[in-house]
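Heads up, the thing below is written out as structure tokens.
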Amino acid sequence: MLLPLAGLLVGVLLGLVLNVNVGFELARYSAVAILAALDSVLGAVRAELEGTYNNRIFVSGFVVNAVVAVLLTFVGDRLGLDLYLVALITFGLRIFQNVALIRRHFL
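Count along the sequence shown from 1, add 10, and you get the number used in my numbering.
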């Protein structure tokens, strides 16, 4: 459980220290990639609390979720559709579900 949380903390701190600016044309891609990463980290925390954590599943889910979300956004940009909203809604719902399950575990 500590590895995903430590990675998230290091990433946030690096983002704050390095003062990274993302251009407008890449903002959609960054948003879906960040949500995909957050979904994977919270899913790993939940799995650890349930005793089913597997590092291979975490890493593969982290990479595959980010790649699929970015590809969906790219295809949507090429078609002139806002397909990135599908990824944002899906990851947003999963994040809230994971947070609810983590909260229930501690209560």
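A virtual CB, placed ideally from N, CA and C, is assigned to each residue, including glycine.
Around the C-beta of residue i, are 16 or more other C-beta atoms found within 10 angstroms, so that it is buried, or is it exposed?
i    : result
V109 : exposed
V55  : buried
F72  : buried
Roughly how many angstroms lie between the CA atoms of residue i and residue j, to the nearest whole one?
i   : j    : result
N1  : V42  : In this structure the chain extends from 11 to 117, so residue 1 is not present and cannot be described.
V32 : V80  : 15 Å
L82 : L111 : 28 Å
L48 : I105 : 7 Å
G53 : G90  : 32 Å
Under 8 Å by Cβ, that's how I've got residue i and residue j pegged, so tell me the actual separation to the nearest angstrom.
i   : j    : result
N75 : S50  : 6 Å
L93 : G102 : Actually they do not touch by this definition, with Cβ atoms about 15 Å apart.
For the alpha helix (DSSP H) holding residue i, just list the boundary residues, first then last.
i    : result
G17  : L12 to L28
G102 : Y94 to F116
L82  : N65 to L89
Could you pull out every residue in the same chain whose Cβ sits closer than 8 Å to the Cβ of residue i, ignoring the five residues on either side in sequence?
i   : result
F98 : Here residue 98 is Leu; the residue named in the question, Phe, does not match the sequence. If we look at L98 and ignore the five residues flanking it on each side, its Cβ neighbours are A41, V42 and L45.
A57 : Y63, N64, I67 and F68
Excluding the 5 residues flanking residue i on each side, which residues of the same chain have their C-beta closer than 7 Å to its C-beta?
i   : result
N29 : none
P14 : V51, A54, V55 and F68
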